[in-house]
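Peer 1: When the count follows my numbering, it moves up by one through the sequence shown with no breaks and lands on 380 for the last residue. After the structure tokens below, expect a handful of questions from me.
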Amino acid sequence: MTPAPDCLILGGGLAGSMAGLLLARAGRRALLLEKESSPHHKVCGEFLSPEAVGYLRLAGIDPLALGAVPIHRLRLSVAHRTVESPLPFTALSLSRCTLDEALLARAAEEGCTIRRGAAAEHLERSAGNWTARIAGGATFTAPTVFLATGKHDLRGWRRSPGAQSDLVGFKLHWRLAPANTADLRDAMELFLFPGGYGGLALVENEVANLCLVVRKATLRQAGNWPALLDSLLAQNRRIRHLLQGAAPLWERPLAVSSIPYGHLGSPHRNASLWSLGDQVAVIPSFTGDGMSIALHSAALAASGFLAGSSPADYEHTLVGQLRRSMKLAVGLSVAAVQPFARYLAPPAFSAFPLAIRWIASATRIPAAALPSTP
Ligand SMILES: Cc1cc2nc3c(=O)[nH]c(=O)nc-3n(C[C@H](O)[C@H](O)[C@H](O)COP(=O)(O)OP(=O)(O)OC[C@H]3O[C@@H](n4cnc5c(N)ncnc54)[C@H](O)[C@@H]3O)c2cc1C
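What follows is the structure, given as structure tokens:
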């Protein structure tokens, strides 16, 4: 008979896989339940900050070996203006479909038991044990649960709405015209348009990832994705240029709605639950820091658990580390979707070119919170 697990991990995205990997590496019997039965795409800008890359290397993953593209420059375009700044660090860009699968495989290699196609539907605690029931009715019990279902809340375990929750996210992969692929190489193109903002960058295999968020009211006004894309292209010369002659690789984009930007900490939840990744902190996507927070939260929670500390202590530490960058990021995200952003942003960044570099640094996990190796 298989011994019962020490820990259940719900969700096999970056946070869940990283936690499973570290717990298994430390000799714990970790069982991870992942809803999807095969590799899948996710709404994400796919921009990997150096902190995320550091954590991936700790996990035994070299993103460059998976085809990740180095990013050295940031371009910001609004209407017909574009400003450019070197990044204060080298970032990478890699599709989530490739990355998440690689980390899940590493977790399995370290001894974490993975069950695919296992969507947790119900979670409850009684007599010191957690029981998760998956679709189909099977149940799994363990004394400890790590909740890592990312963008999807488990019924009965909703997150706070955050400070900015009226945005819808879209993502679509494209094959650009060869000259535009060359033009995009080594840059992250951030763009603003009325009611939203987004990013365009190459990932592996010369594919370009377009990812954006838009206010629900703007989307309602546009009516549907093709009309929204048309209006974005009409409003932003640089993105119009880059997508000229491009072919979408999927019939329609992936979408996610009501993203709770600014959600940080979950004191309303049962104090014995370890919340990871987007379940504990959702930073606005322009920062490109959500994945590093997912990996960092998993590492912090796993080491706290192994050292015998409590989920409440872990969350207290994490919230303290992220509060400042979260506040700044949410403030900028709220401003970016206001009508005045398109008039103010280009002159502001032209006058203060160092502002882009400062924002890129100030919205990251503070260096003092990171392990010394990344
Ligand atoms: C528009 C947008 C752009 C972004 N761009 C970037 C970026 O460029 N760079 C960056 O670093 N971050 C970015 N992010 C943030 C980043 O995508 C998230 O922070 C990150 O994916 C969080 O990882 P996670 O493991 O917590 O959740 P997820 O990656 O969402 O993984 C959760 C996993 O749980 C599984 N799951 C869900 N429900 C269940 C269930 N009931 N039972 C079992 N399994 C379940 C899912 O299938 C999934 O595999 C962006 C986010 C958005 C919305």
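Cβ coordinates follow ideal geometry from the N, Cα and C atoms, glycine included.
Do the segment 22-41 and the segment 306-321 make contact, defined as three or more Cβ pairs closer than 8 Å?
Peer 2: Taking 8 Å as the limit for Cβ pairs, the verdict is that the segment 306-321 does touch the segment 22-41.
Peer 1: Three-state secondary structure (DSSP) at V288?
Peer 2: Taking the first residue of the sequence shown as position 1, residue 288 is located at position 282. Coil at V288, not helix or strand.
Peer 1: Cβ atoms of L255 and L178: under 9 Å apart, would you say?
Peer 2: Walking along the sequence shown from the start, residue 178 turns up at place 172. Walking along the sequence shown from the start, residue 255 turns up at place 249. Result yes, Cβ atoms of L178 and L255 sit closer than 9 Å.
Peer 1: Using three-state DSSP, classify G202 as helix, strand or coil.
Peer 2: Translated into the one-based positions of the sequence shown, residue 202 becomes position 196. Strand at G202.
Peer 1: Using only alpha-carbon positions, find the residue among R246, R258, Y203 and I362 that is nearest to A183.
Peer 2: Within the sequence shown, numbered from 1, the residue matching residue 183 stands at position 177. If we check each option's Cα against that of A183, R246 comes out closest.
Peer 1: Just the Cα atoms here: how many angstroms apart are R102 and H78?
Peer 2: Looking up residue 102 in the sequence shown gives position 96. Looking up residue 78 in the sequence shown gives position 72. Their Cα atoms are separated by approximately 20 Å.
Peer 1: I need the DSSP call for T145, collapsed to helix, strand or coil.
Peer 2: Locating residue 145 in the sequence shown gives position 139, where the first residue counts as 1. Reduced to three states, the DSSP call for T145 is strand.
Peer 1: Closer than 8 Å by C-beta to D192: which residues in its own chain qualify, once you throw out the five before and the five after it? Chain order, please.
Peer 2: Reading the sequence shown from its first residue, position 186 is the one you call residue 192. V75, P76, I77, H78 and R79, listed in sequence order.
Peer 1: Determine the DSSP secondary structure at I299, reduced to helix, strand or coil.
Peer 2: By 1-based counting over the sequence shown, the position of residue 299 is 293. The answer is helix: DSSP assigns I299 an H, G or I state.
Peer 1: I'd like the ranges of any beta strand (DSSP E) spanning at least 3 consecutive residues and lying wholly in the segment 51-119.
Peer 2: Within the segment 51-119, the complete beta strand (DSSP E) runs of at least 3 residues are 75-84 and 87-99.
Peer 1: Using three-state DSSP, classify H128 as helix, strand or coil.
Peer 2: For the purposes of this step, residue 128 is taken as the residue at position 122 of the sequence shown. Reduced to three states, the DSSP call for H128 is strand.
Peer 1: In the DSSP assignment, the alpha helix (DSSP H) including E321 goes from what residue to what residue?
Peer 2: Walking along the sequence shown from the start, residue 321 turns up at place 315. Where E321 is concerned, the enclosing alpha helix (DSSP H) stretches over P317 to A342.
Peer 1: Closest to W280 by CA distance: which of A287, L173 and V151 is it?
Peer 2: On the sequence shown, position 274 is the one that residue 280 refers to. If we check each option's Cα against that of W280, V151 comes out closest.
Peer 1: Which residues mark the beginning and the end of the alpha helix (DSSP H) in which P237 is found?
Peer 2: For the purposes of this step, residue 237 is identified with residue 231 of the sequence shown, where counting begins at 1. According to the sequence displayed, residue 237 carries Ser and not Pro. It spans W231 to Q241 - the alpha helix (DSSP H) in which S237 sits, taken as one unbroken run.
Peer 1: Quick one: grab the DSSP three-state call for A36.
Peer 2: Sequence index remark: in the sequence shown, residue 36 carries index 30 (1-based). The answer is strand: DSSP assigns A36 an E or B state.
Peer 1: Which residues bound the alpha helix (DSSP H) around R258?
Peer 2: Here residue 258 refers to the residue found at position 252 when the sequence shown is read from its first residue. Run containing R258: none; DSSP gives neither H nor E here.
Peer 1: The beta strand (DSSP E) with G175 in it runs from where to where?
Peer 2: By 1-based counting over the sequence shown, the position of residue 175 is 169. Run containing G175: L173 to R181, per the beta strand (DSSP E) assignment.
Peer 1: Give the DSSP-derived three-state secondary structure of W381 in the structure shown.
Peer 2: This structure gives no information on residue 381, because the portion of the chain shown stretches from 7 to 380.
Peer 1: To which residues of the same chain is V84 closer than 6 Å at the C-beta, ignoring the five residues directly before and after it?
Peer 2: Stepping through the sequence shown from its first residue, residue 84 is reached at position 78. Here the set comprises L198, R348, A351 and P352.
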